[in-house]
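Student: Provided herewith is a single structure, encoded as structure tokens, for subsequent inquiry.
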Amino acid sequence: MPAEYRLILKHLDEPGYEPTLACYLRHGGYSVLRRVLALEPRVSPEGKTLSPQEQLRQEVSLSGLRGRGGAGFSTGMKWSLVDRKSGKPIYLICNADESEPGTFKDRQIIHKDPHQLLEGMVVSAYANDVHLAYIYIRGEFPQGAKILNQAISEAKAAGYLGKNILGSGYDLEIYVHRGAGAYICGEETGLIESLEGKRPYPRIKPPYFPAVLGLYQCPTIVNNVETLCAVKHVIEMGGAEYAKLGTPNNTGTRIVSLSGCVWRPGYYEIEVGKATLRDLIFDPAFGGGLRDGRKLKAIIPGGVSAKVFKAGEKVKLKARNADGREVEQEVDVLDLPYDFTSLIAAGSMSGSSAIIVLDDSVDIVEALANISEFFAHESCGQCTPCREGSLWMAKALHRMTHGEGRAMDADYLARIADNIPGGRTICAFGEACSWPVQSFVAKFKEEFVAKGKADEERRSASRQPADVPSAP
Amino acid sequence: MAITSSPTARATGSPADVLTVTVNGRPITVPRTQPDWEGRMVPTTMIQACEAAGVTVPHYCYHPRLPVAGNCRMCLVEYGVPALGPDRQPLRNPDGSLIINKSPRPAIACATPVSAGMAIYTDTPNVKAMREGVLEFLLINHPLDCPICDQAGECKLQEYSLEYGQAASRFVETKVHKPKAVDLGPRIMLDDERCILCTRCIRFTRDVVKDDALGIVNRGSYNTIAAYPGRQFDNNYTLNTVDICPVGALTSKDFRFKMRVWFLKETKSVCTSCARGCNTLIGSRENVIYRLTPRDNPEVNQSWMCDVGRLNYKWIGREDRLREVRARGSGNTGWTGALGEIARRLRAAPQGSVALIASARLTNEELYLLGLLARHLGAITDSIPRTGDFDHILVQADKNPNSAGARLLGLAAEPMGSRLPAIADGIRAGAIRTLLVFGEDVTSRGVSTDLLARLETLVVSDVLPNPTTAAAHFLLPGCAAAEKRGSFTNFKNRVQRFQKAVEPPGDARPEVEFLADLVTAVTGRKLPTSIEGLFNHMASSVPAFAGLTWAELGDLGQPLKTELART
Ligand SMILES: Cc1cc2nc3c(=O)[nH]c(=O)nc-3n(C[C@H](O)[C@H](O)[C@H](O)COP(=O)(O)O)c2cc1C
Ligand code: SF4
Ligand code: SF4
Ligand code: SF4
Ligand code: FES
């Protein structure tokens with residue numbers, strides 16, 4: 035029976051659980067930090083002496099933890115790429131900009147269990163010789179910023195943060211920085227620019243890899259709120275133990291934000307890959323199914339940037355059969371295990387692990403128009419294809435949802451969208467804004483064409499000249 | 101106008117310092133590192149390698165003298181890197197060529213470093229499609245009013261659309277409207293609808309001028325270039341943004357709508373407004389100068405010039421320009437009459453009775469001739485210092501374009517102007533009876549009109565009237581630098597030549613021409629008549645200029661070769 039596996043969310047919804055230090059300590063809080071600060075250098079089986087920091091980083095590598103912010107990049111690998119020889123300070127930034135539509139997990143932690151995040155950050159900072167860390171919190175989360183600041187002052191007063199943490203001689207300051215109110219501030223290099231006080235224009239890579247030339251041109255680690263909390267659990271359990279949660283290459287737990295046309299929208303922590311999309315949408319432990327009489331139409335599996343799945347869509351997955359041979363299996367999208375690799379193999383992604391469920395009451399063109407309007411508003415406008423393409427698509431969809439559609443608009447949209455992604459832009463927003471259009475139009479083409487045709491017929495029947503030519 | 105020549109690659113030849121890549125299959129060896137916009141050595145980029153291979157990569161935001169932004173995406177190319185075997189050694193085809201792993205994603209040529217064995221492709225169907233895509237995106241919200249746009253003829257959008265674009269746009273939505281005719285500052289107008297948001301102007305003023313005056317407001321397709329609220333874009337370098345703007349968004353208030361650029365004749369020249377000698381192009385048509393623009397010279401002014409220097413050309417066409425030869429008492433006797441009489445008087449002048457004040461705005465060749473004359477006559481000489489504001493970018497405090505020449509050719513005192521009191525005293529005492537003034541108003545420099553009135557002979561050459569020209573017995577109308585050929589020696593002892601763009605008014609003649617006649621008439625020495633010959637003659641007889649020839653000066657000039665120059 036699929037069920038929630040609450041690791042990060044373990045306590046925060048318990049009755050009486052408060053975002054205070056006292057409550058956190060009553061639940062065993064900061065004991066991992068205490069253990070971490072007491073670590074001694076250790077000689078590895080190969081005879082190499084490992085510093086406490088190296089031991090911690092090794093555990094994180096061993097855990098197989100993948101970033102929970104969107105890209106699913108290995109955290110151990112990210113940390114190993116940090117330039118530790120530059121002589122410059124290393125910064126840690128917690129990405130709390132949570133703005134991918136459909137995503138509402140990080141804010142639960144921030145609001146209800148801020149000390150868990152702080153403990154995860156101190157441990158991660160210690161593991162990376164960081165003495166200055168930032169929490170870049172979405173501008174629209176003023177209450178979250180207040181709670182974090184309150185937690186930081188409590189933690190400092192009690193010696194869990196600030197100078198000489200728990201008498202160890204280790205210093206760390208954490209500052210909360212409120213975001214500038216734009217989705218692109220969540221892209222890690224845009225975030226860094228914003229933190230430096232500039233427009234959040236994502237940086238070109240090369241040369242500005244954060245691990246080498248990040249904040250103030252110093253080596254910088256950017257990790258998501260949930261990722262940093264997971265680090266605490268990795269260290270608590272040990273990397274190998276943590277890796278037993280979830281499935282190979284998709285280890286640990288993940289908080290899924292489920293929304294849309296289901297009975298029980300909400301956030302659910304699962305072992306990665308141990309529940310399928312079907313479980314998450316239909317199982318009473320999760321979404322509890324669609325409303326009465328409704329049929330599933332589409333699933334956006336990883337935030338609105340992710341390519342949509344059509345109900346009934348079959349995808350081919352590689353799997354190993356009993357004798358270890360690789361075989362190709364055809365599965366219904368609903369039977370995809372909810373993890374990083376399966377969703378990518380199925381042509382989409384788990385992204386920020388936000389599942390949006392659309393039933394047959396939803397007009398697919400309206401849905402895409404809504405998504406595209408968001409992206410047109412949020413493009414930073416740096417790169418030509420994203421800047422112009424995102425608004426172009428939004429305008430076309432606005433036109434289509436206001437009675438001015440054309441039968442050819444499906445192709446028209448696809449051709450615009452095809453010119454944006456695939457490395458044509460500085461940051462992944464180019465993909466984020468074009469993938470929904472490409473996938474909606476490809477998978478629901480008949481609806482786009484039907485809508486456009488209907489508009490054309492209505493217009494010619496009323497002999498009203500359209501504002502726009504019907505063919506170029 | 102966009103200046104896009106990149107700092108020249110300096111291959112040193114040592115295998116450690118170079119690497120070989122292929123561009124569309126053709127191998128090319130490039131240095132591993134090259135100077136960036138600040139002169140720091142950084143890895144060679146794809147666009148530089150392509151340029152070395154003679155392959156143009158279209159680009160908007162990239163400018164070799166600005167930090168790389170990578171935002172326009174016009175320079176996207178495909179590439180691959182050598183496939184490696186298990187031993188980390190490159191794998192080869194049977195014919196010995198490297199096996200290339202083609203990258204699934206394109207890269208921007210302007211920012212991506214090359215590596216050994218890399219294969220760059222600029223002519224694949226994908227690259228073509230990406231360029232078409234970018235151009236279409238740039239054009240959908242562009243006004244498409246080229247016939248009334250001032251940039252027409254030197255617009256990169258127009259040019260690339262013809263070369264790399266598709267004929268018809270599919271866009272049927274309403275365009276984004278943005279502010280037009282925005283008054284950014286005293287010299288600059290902005291049409292935001294034409295702007296393609298390449299940020300060249302922002303980077304130039306922020307990073308080169310260190311004046312963070314421009315920025316972008318709004319988001320996405322509504323992004324709009326603007327000056328900082330409540331501030332004027334008014335530093336001394338603003339007009340360079342007009343040059344580097346690849347489209348017609350930024351225009352010079354001075355030049356806009358005055359002349360279609362394709363009618364302009366462009367003449368290589370040098371700015372005369374300070375001792376740096378920024379290299380320029382004079383844009384003229386039918387003997388009228390319409391604009392000056394900077395000409396790239398890495399040793400002098402990179403791609404830039406200051407606004408003051410750029411706009412200092414209007415006086416050349418002034419109505420009151422001196423245009424007639426005058427000999428007091430005998431009216432307009434013409435060049436032959438005046439020069440004959442001056443020569444006669446100078447031949448008769450006793451040694452030590454002549455003084456010469458020669459402007460440090462004259463050319464090396466003119467000053468050389470005046471030096472010959474002065475030494476023959478045993479004349480006391482000096483030049484007139486002219487100083488003003490300076491900055492740490494280009495502008496020099498010394499406002500003379502040829503102070504170094506005046507010093508090296510022995511005319512200016514050290515410090516310049518320090519012999520002027522002696523000249524005034526000499527006139528007052530009656531020892532100096534003849535004064536030659538070339539290109540200066542000496543009445544404001546301690547040689548008053550009263551003193552001038554005591555002279556037996558006052559010979560003045562200038563281009564505009566002033567109290568000194570009014571007092572002249574002989575007035576010889578001269579030329580602006582734009583009206584003649586010659587060379588200046590700048591504050592770093594770099595000798596730079598300039599060409600003639602327009603004809604002088606009336607009877608005015610280049611000083612170098614009539615001075616050669618005069619020197620011959622006074623001294624009996626035969627001198628070369630061509631500017632080339634004269635320069636080479638000077639170089640062979642003045643040690644400071646030894647080893648230089650007019651031809652070798654080229655368009656970018658040459659530093660003096662001698663030790664003497666360095667003192
Ligand atoms: C357009 C865009 C928006 C993003 N927004 C967020 C965000 O709100 N929160 C987040 O954690 N990561 C976001 N990311 C991903 C970050 O760039 C980065 O990969 C992440 O913070 C790394 O943390 P992780 O390795 O712990 O996942 C965004 C990426 C893009 C391209
Ligand atoms: S892809 Fe879009 S959001 Fe990202 S840098 Fe380019 S314009 Fe900005
Ligand atoms: S005004 Fe010109 S230089 Fe400035 S961003 Fe626009 S197009 Fe580029
Ligand atoms: S810096 Fe000097 S030489 Fe250059 S343009 Fe300005 S005035 Fe002319
Ligand atoms: S020239 Fe603009 S991205 Fe390279």
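So the sequence lines, in the order shown, correspond to chains C and Z. First residue of the first sequence? That's 35 in my numbering, and the numbers climb one at a time after it. First residue of the second sequence? That's 101 in my numbering, and the numbers climb one at a time after it. Beta carbons are placed, not taken as given, at the ideal position from N, Cα and C, and that holds for glycine.
By Cβ distance below 7 Å, which residues in the same chain neighbour proline 567 of chain Z in space, the five residues on each side in sequence not counted?
Tutor: Asp541, Thr543, Thr549
Student: Take the Cβ of threonine 144 of chain Z as the centre, count every other Cβ of all protein chains shown within 10 Å, and call the residue buried at 16 or more, exposed below.
Tutor: Buried is the label assigned to threonine 144 of chain Z, since at least 16 other Cβ atoms lie within 10 Å of its Cβ.
Student: Kindly list, in the order they appear in chain C, the residues whose Cβ is closer than 7 Å to that of threonine 212 of chain Z.
Tutor: Pro240
Student: Name, please, each residue of chain C whose Cβ falls closer than 8 Å to the Cβ of phenylalanine 363 of chain Z.
Tutor: Here the premise fails: no neighbours, minimum Cβ distance about 32 Å.
Student: Do glycine 280 of chain C and glycine 286 of chain C come within 9 Å of each other at the CB atom, strictly closer than that value?
Tutor: Between glycine 286 of chain C and glycine 280 of chain C, the C-beta spacing is below 9 Å.
Student: If you measure between the beta carbons of cysteine 579 of chain Z and arginine 545 of chain Z, is that distance less than 9 Å?
Tutor: Cβ atoms of cysteine 579 of chain Z and arginine 545 of chain Z: not closer than 9 Å.
Student: Run through chain Z and tell me which residues come within less than 8 Å of alanine 448 of chain C, C-beta to C-beta.
Tutor: Neighbours of alanine 448 of chain C on chain Z: none; closest Cβ ~12 Å, over 8 Å.
Student: For methionine 141 of chain Z and valine 121 of chain Z, what's the separation of their Cα atoms in angstroms?
Tutor: 19 Å
Student: Which of the three DSSP states, helix, strand or coil, is assigned to tyrosine 468 of chain Z?
Tutor: helix
Student: On a CA-only basis, which of Z:Leu477, Z:Pro659, Z:Tyr264 is nearest valine 595 of chain Z? Give me that one, please.
Tutor: Z:Pro659
Student: Following the continuous alpha helix (DSSP H) through cysteine 263 of chain C, name the residue where it begins and the one where it ends.
Tutor: 259-271
Student: Ends of the beta strand (DSSP E) at lysine 368 of chain Z?
Tutor: 365-370
Student: Return helix, strand or coil for tyrosine 162 of chain Z, following the three-state DSSP convention.
Tutor: coil
Student: Determine the chain C residues that contact cysteine 172 of chain Z at a beta-carbon separation under 7 Å, and present them in chain order.
Tutor: Thr418
Student: Find the nearest neighbour of valine 367 of chain C within the set C:Arg40, C:Val164, C:Asp313, judged by alpha-carbon distance.
Tutor: Of the candidates C:Arg40, C:Val164, C:Asp313, the one whose C-alpha sits nearest the C-alpha of valine 367 of chain C is C:Asp313.
Student: On the DSSP letters alone, give me the boundaries of the beta strand (DSSP E) that threonine 129 of chain Z sits inside.
Tutor: 126-131
Student: Where in the stretch 585-655 of chain Z do unbroken runs of the alpha helix (DSSP H), each at least 4 residues long, occur, reported from the N-terminal end onward?
Tutor: 611-623, 631-641, 650-653
Student: Glycine 456 of chain C versus chain Z: which residues are under 7 Å apart at the beta carbon?
Tutor: Arg205
Student: Where does glutamate 480 of chain C sit, in a helix, a strand or coil, going by DSSP?
Tutor: helix
Student: Any Cβ of chain C within less than 9 Å of the Cβ of glycine 654 of chain Z?
Tutor: no
Student: Run the proximity test for glycine 103 of chain C: is its beta-carbon closer than 8 Å to any non-hydrogen atom belonging to ligand 1?
Tutor: Within the cutoff, so yes.
Student: Counting only C-beta atoms, is serine 158 of chain C closer than 9 Å to chain Z at any point?
Tutor: No, because no Cβ of chain Z sits closer than 9 Å to the Cβ of serine 158 of chain C.
Student: Could you tell me which residues DSSP puts in a beta bridge with serine 384 of chain Z?
Tutor: The partner list for serine 384 of chain Z (beta bridge, DSSP) reads Z:Lys365, Z:Ile389.
Student: Which whole-angstrom value describes the C-beta separation of cysteine 417 of chain C and isoleucine 460 of chain C, a residue pair presumed to lie in contact below a C-beta threshold of 8 Å?
Tutor: 5 Å
Student: Of the residues Z:Lys278, Z:Gln148, Z:Glu293, Z:Ala504, which one's Cα is nearest the Cα of cysteine 374 of chain Z?
Tutor: Answer by Cα proximity: Z:Ala504.
Student: Glycine 231 of chain C CB to nearest chain Z CB: under 9 Å?
Tutor: no
Student: For threonine 375 of chain C, which residues of its own chain have a beta-carbon under 7 Å away from its beta-carbon, when the five flanking residues on both sides are left out?
Tutor: Asn283, Asn284
Student: Which ranges does the beta strand (DSSP E) cover as unbroken runs of at least 3 residues, wholly within the stretch 414-466 of chain Z, from first to last along the chain?
Tutor: 454-458
Student: Determine the direct distance from the alpha carbon of isoleucine 255 of chain C to that of proline 299 of chain C, and round the result to whole angstroms.
Tutor: 33 Å
Student: Leucine 262 of chain Z to leucine 239 of chain Z, Cα distance in whole Å?
Tutor: 12 Å
Student: To which residues of the same chain is valine 168 of chain Z closer than 6 Å at the C-beta, ignoring the five residues directly before and after it?
Tutor: Cys210, Ala211
Student: Using a threshold of 9 Å, state whether the C-beta atoms of tyrosine 235 of chain C and glutamate 227 of chain C are closer than that.
Tutor: In this structure, glutamate 227 of chain C lies closer than 9 Å to tyrosine 235 of chain C by Cβ.
Student: When the Cα atoms are used, what is the spatial distance from serine 78 of chain C to valine 157 of chain C?
Tutor: CA-to-CA, the gap between serine 78 of chain C and valine 157 of chain C works out to about 21 Å.
Student: State whether the stretch 394-409 of chain Z contacts the stretch 336-347 of chain Z, with contact taken as three or more CB pairs (one from each stretch) at a distance under 8 Å.
Tutor: yes
Student: Buried or exposed: arginine 421 of chain C, going by 16 or more other Cβ atoms within 10 Å of its Cβ?
Tutor: buried
Student: Pick out whichever of C:Pro470, C:Ile454, C:Ser386 has its Cα sitting closest to the Cα of asparagine 404 of chain C.
Tutor: C:Pro470
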